[in-house]
Every structure is written in C-alpha cells, then in structure tokens.
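Q:
Protein chains: 2
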Amino acid sequence: MIFSSELIKGTLKTIVLKLLSDNKKMYGYEITQRVKDLTGDRIQLTEGALYPTLHSLEEEGLVTTELEYMGKRVRKYYKLSASGKTRSKERVSELAEFMETMRVLLDIQPKIA
Amino acid sequence: MIFSSELIKGTLKTIVLKLLSDNKKMYGYEITQRVKDLTGDRIQLTEGALYPTLHSLEEEGLVTTELEYMGKRVRKYYKLSASGKTRSKERVSELAEFMETMRVLLDIQPKIA
DNA sequence: TACAATGCATTGGATTCTTATGTATCTTTG
DNA sequence: CAAAGATACATAAGAATCCAATGCATTGTA
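As they're listed, the protein sequences go chains A and B. Per this note's numbering, the very first residue in the first sequence carries number 1; after that it's consecutive. Per this note's numbering, the very first residue in the second sequence carries number 1001; after that it's consecutive.
(1) Beta-carbon within less than 7 Å of ILE1015(B)'s beta-carbon, same chain only, minus the 5 sequence neighbours each way: which residues are those?
(2) Which chain B residues are close to LEU105(A), counting only those with a beta carbon under 8 Å from its beta carbon?
(3) Please go through the segment 1065-1112 of chain B and give each complete beta strand (DSSP E) segment of 3 or more residues, from N-terminal end onward.
(4) Find the residues of chain B that neighbour ARG79(A), judging by a C-beta separation of less than 9 Å, and give them in chain order.
(5) For SER1093(B), which option in ILE108(A), GLY71(A), ALA82(A) has the closest C-alpha, if you only look at C-alpha atoms?
(6) What residues in its chain sit with their C-beta under 8 Å from that of LEU12(A), if we drop five residues either side in the sequence?
(7) Return the residue from the list ARG1075(B), PHE1098(B), ASP1041(B) that minimises the CA-CA distance to MET1026(B).
(8) Got a sec: is the Cβ-Cβ distance from LEU12(A) to anything in chain B below 7 Å?
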C-alpha cells in the first residue's frame, strides 16, 4: 500500500531534516531511495516535491550544499547547518507529539515494538 | 503548544470522519470544540477549513445533513452514510499505518500506554 | 543499441489550509 | 440594560505544499 499523498503533506521537511541529521551528507536521489527503502516502498518522494523542499531548506539556512563530480555526473550533496540540526530536533519532537495527540484523538492502539 | 498548521494538513477529513463514526450526529461548531477538548487545546480547527471539508464530505456522499432549530438558531447536523462509515474505517487505519511508518522512519519511540 | 536507472531541475495545476470577513442569535457580566 | 463573548452558520482571497509531467544528461545493462 502506498500512502495517499495528502498524508505526506506537512511531514516532508521533517523527514528530510531527520535523514540529514542521521547522515553527514546526502544528495536528492539518495534521499528518495533511502525513504523508499526505510518505508518498504510505502513512501515514495516525488522529485517535484523534494527538490523545491531542499532548495527551500537551503534558503532558510538550514542546510548547506556542495557539488561532487562522479566522472561527468554531478551530485549535489546537502548537509545540515548548526541551525538545521536544532531545527531537525524540534521538528521531529513536534511530529512525535502530534502523532501521540492524533493517536489519542483517533483512538489508535500503539503497536508493541 | 499548538501544532504548526502544516501537520494538520491531510488529517482533517480523517478526524471529522472518525468523530462522526463515534457519534450519531454532530454539528460544525461541536466538532471544533470536541477536537479542542480531546487534544487539550493542541488542535484547533478553523471554520474556514472545517466547513468546506464538511461540504465536501456531503458532496462525496459520505455524510448526510439535517437542520435542527434551537429557538431561532439553526444547527446543521452531520451524520455518516453507509459509505461514510466504510470510508471512516479506511481512513483511520490508513493514518494508523502511516503513523507507524513515520515512527520507524523518524526513529520515534512509542509511548507506553 | 535500446532501455532502465541515476541525477539534476522546473512548470502548471490541484488541493488544502489560513486569514479575514460577514451575518445572526444567545448568554453572561458589569 | 448594554456590551462583550460565546454560539453558529458561511464564503472569499491568498499562501503553501504537493503531484504529474516534462526536460536534459550520464551510466549501466540486457
């Protein structure tokens, strides 16, 4: 089952920030694949959503970029800035609280880990 | 803490459907207050978001409406149709799965209920 | 050699929400 | 009793966010 896109809304930035906080640096395509892998194909980021998000994070100063050349192919790596690291923690914990609130609101039983 | 609005995106319809599945009938203002209560003021639905959503659910045939007069004041009650009940269950379980996926992706520890 | 995968990116459109506004009634408080 | 707040409906303009489609180019594979 692939989740209907509406659910992704509002969580994309948090996903990206979290991944970047766990990895020194990542490039766009890598992020899409990592999310695909980690979610068992259930979340597939589209490029039309991801790249504007990455650019937006850069404009906000939360990530910095560096180009790397693999032969003739260019990779644009993104890494968290200091403020990005802080923001990442904030976003993740806010989402955690939100999910807990939604769990109560929707009377959803938590899975036993 | 009131959640940043982006997080609510995509979950509003599910919230409304779930509340209606737990209550025979509800009216708009009641829904906003119920959500406010159930979430300890953390989620506050705006009318500009709620009413279009309710109208949309009606157009989709997921809810039916009936007017009730309290003196001169009108209340518009919404109740789930048969297809609405089905959709409600689908939406809630989809959101539950999505949340579980996000929990794994973001490495969020579940609270012990 | 064609096709799939990798890798960047933009554009147009749809959807969804916020903010602001409007109307009207009922209740509480100074 | 008047004013303010709560109750109750609703719409409109604009912002934000995402998807689908498209484009370009390189690399690997059947």
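Where is the CB? At the ideal position from N, CA and C, for every residue including glycine. All figures in this text were calculated on a predicted structure; none of them were measured in a lab.
A: Result, derived from the coordinates:
(1) VAL1035
(2) The contacting residues are ILE1015, LYS1018, VAL1035, LEU1038, THR1039, ILE1043.
(3) 1073-1080
(4) Contrary to the premise, residue 79(A) reads as Lys rather than Arg in this sequence. The premise fails here: LYS79(A) is roughly 19 Å from chain B at the closest Cβ pair, so nothing lies under 9 Å.
(5) ILE108(A)
(6) Within the same chain, LEU12(A) has close Cβ partners LEU45, ALA49, LEU50, THR53.
(7) ARG1075(B)
(8) no
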